[in-house]
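Start counting at 1 in the sequence shown, then tack on 66, and there's your number in the numbering used here.
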Amino acid sequence: MTNTPNISQYQQQFVSQIAQQKLPHALLLVGHQHVGKLALANWLVSLLACLTPTKEHNACGQCKHCLLVAQSTFPDIKHIAPNGRNIGVDEIRQVSNFIEKTPLLSAYKSVVIEDADKMTVAASNALLKTLEEPTDDSFLILVAQDINALLPTIVSRCQQVFIKAPIHDEQRTDQNKPSALNSSHLPELSDEEIATEYQAFIAAFSAFVFEQKPINKVLPILLATPHNWRWLEKISSDWQRAINGWETASDAQLITKQACETLGKDKLWQLYQLTVSCIQHQKTFIQSNDQFEMEKYLTQIKTITNHEE
Ligand SMILES: [Zn+2]
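#1: Tell me the residue span of the alpha helix (DSSP H) that contains His347.
#2: Are the stretch 137-144 and the stretch 261-273 touching by the rule of at least three beta carbon pairs closer than 8 angstroms?
#3: Could you give the distance in angstroms between the alpha-carbon of Gln346 and the alpha-carbon of Leu117?
#4: Of all the options Thr350, Cys224, Cys129 and Ala261, which has the alpha carbon lying nearest to the alpha carbon of Asn389?
#5: Do Ile153 and Lys184 have their C-beta atoms within less than 7 angstroms of each other?
#6: For Cys224, is the beta carbon positioned less than 6 angstroms from some heavy atom of ligand 1?
#7: Determine the direct distance from the alpha carbon of Asn282 to that of Ala266, and round the result to whole angstroms.
#8: The beta strand (DSSP E) that contains Leu93, what's its start and end?
#9: On the three-state DSSP scale, how would you describe Gln306?
#10: Heavy atom of ligand 1 less than 6 angstroms from the Cβ of Leu117, yes or no?
#11: Helix or strand or just coil, what does DSSP make of Ala173?
#12: Would DSSP call Ala210 helix, strand or coil?
#13: Report the three-state DSSP secondary structure of Gln87 (helix, strand or coil).
#14: So what's Lys11 in DSSP terms, helix, strand or just coil?
#15: Tell me, please, whether the stretch 283-291 touches the stretch 331-340 by the rule of three or more beta-carbon pairs shorter than 8 angstroms.
#16: Skipping 5 residues on each side, what residues in its chain have a beta carbon closer than 7 angstroms to that of Gln366?
#17: Going by DSSP, what residue range makes up the alpha helix (DSSP H) through Val155?
#18: Cβ of Leu134 within 7 angstroms of Cβ of Cys224?
#19: So what's Leu112 in DSSP terms, helix, strand or just coil?
#20: Look at Ile146 and Glu157 and say whether their C-beta atoms are less than 7 angstroms apart.
#21: Who pairs with Val178 in a beta bridge, going by DSSP?
#22: To which residues does DSSP link Asn152 through a beta bridge?
#23: So, helix, strand or coil for Gln366, using DSSP?
#24: For the candidate residues Leu114, Glu361 and Ile207, whose alpha-carbon lies nearest to that of Pro286?
#25: Starting from the C-beta of Leu255, find all residues in its chain whose C-beta is less than 8 angstroms away, skip the five residues before and the five after it, and write them out in chain order.
#26: Run the proximity test for Ala125: is its beta-carbon closer than 6 angstroms to any non-hydrogen atom belonging to ligand 1?
#27: With Phe276 and Thr328 assumed to form a contact (beta carbons below 8 angstroms), what rounded beta-carbon distance in angstroms separates them?
#28: Would you report the Cα separation of Leu334 and Arg296, rounded to the nearest angstrom?
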């Protein structure tokens with residue numbers, strides 16, 4: 067196993083599940099960028115393939131299977147990653163065909179789907195069929211950053227493993243630091259068009275919070291994107307970072323910091339809490355009306371920031 071403390075706990079979990087022959091046939095490893103989730107997936111499939119694993123539960127790196135794994139030519143492991151921006155239905159059909167076949171060299175076939183949250187809808191539906199008919203001799207490992215971007219029916223058919231980032235000393239001292247503050251990276255923002263939309267979204271929401279723009283001016287902009295609540299969570303948590311000085315500030319962040327300071331820590335903290343509780347509320351009530359919820363949210367923000375309309 068590795069010396070990375072945040073990864074070794076999951077490795078121990080998998081090793082004991084393998085020993086009890088209880089390793090789930092579908093795993094979903096979720097975590098932020100660079101947290102080690104792909105390394106964990108690769109460690110697991112290499113271990114499953116190895117003929118003579120070490121006492122420390124690593125693949126030996128020397129047996130016939132390990133040598134083929136190292137050359138990426140081991141026939142019972144398949145890797146899938148986005149081809150361009152997405153993972154399409156053709157790639158997932160290859161996975162389904164692969165899963166249906168008998169393993170050639172080892173006792174198991176393993177598939178790693180990297181960036182599984184980038185599957186198209188058609189690809190997701192194809193994968194769902196495979197997940198609904200699990201085979202005893204295969205392991206499917208999905209690796210993703212954004213669990214919300216996956217079909218709930220896919221998520222529910224996998225054992226979910228949330229990989230936490232290693233805790234640094236300076237983070238331990240920030241007792242009040244909200245957990246969602248790690249979500250600074252949203253995968254959809256790598257799309258240029260969506261990133262532009264996001265900038266307009268921030269501008270509208272900032273104008274409402276800091277400059278008392280009326281609700282009816284910002285509401286249409288906030289309702290125009292399906293990402294609105296996740297973006298509101300990101301913005302309000304970014305403001306927490308800015309005002310608490312948790313990040314090295316860029317020019318844009320310095321301007322944000324000044325705006326945040328005019329409102330004050332307490333009000334911004336209330337705004338963050340309100341955002342999180344609105345999002346939780348909507349997860350509980352599936353049929354919530356987005357416009358109604360958003361208007362209610364903005365009205366509550368006005369109560370926090372004390373501006374009349
Ligand atoms: Zn080996």
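By construction, the Cβ of each residue, glycine as well, lies at the ideal position given by its N, Cα and C atoms.
All values reported here derive from a predicted model rather than from experimental measurement.
This is what the structure gives:
#1: Lys331 to Thr350
#2: no
#3: If you draw a straight line from the Cα of Gln346 to the Cα of Leu117, it comes to about 47 angstroms.
#4: It is not possible to answer for residue 389, since the shown part of the chain is limited to 67 through 375.
#5: yes
#6: no
#7: 16 angstroms
#8: Ala92 to Val96
#9: Note: Gln306 maps to helix in three-state DSSP.
#10: In this structure, Leu117 has its CB closer than 6 angstroms to one or more heavy atoms of ligand 1.
#11: Ala173: coil per DSSP, three-state reduction.
#12: strand
#13: In the three-state reduction of the DSSP assignment, Gln87 falls in the coil class, being assigned neither a helical nor a strand state.
#14: In the structure displayed, the chain extends from 67 to 375; residue 11 sits before or after that span and is not available.
#15: no
#16: Leu340
#17: Val155 to Glu166
#18: no
#19: Leu is not the amino acid found at residue 112; the sequence shown has Ser there. Helix at Ser112.
#20: Yes. Within cutoff.
#21: His145 and Ile207
#22: Asn149
#23: It is helical.
#24: Glu361
#25: Here the set comprises Ala261 and Tyr264.
#26: yes
#27: The beta-carbon separation of Phe276 and Thr328, rounded to 7 angstroms, stays under the 8 angstroms limit for a contact.
#28: 17 angstroms
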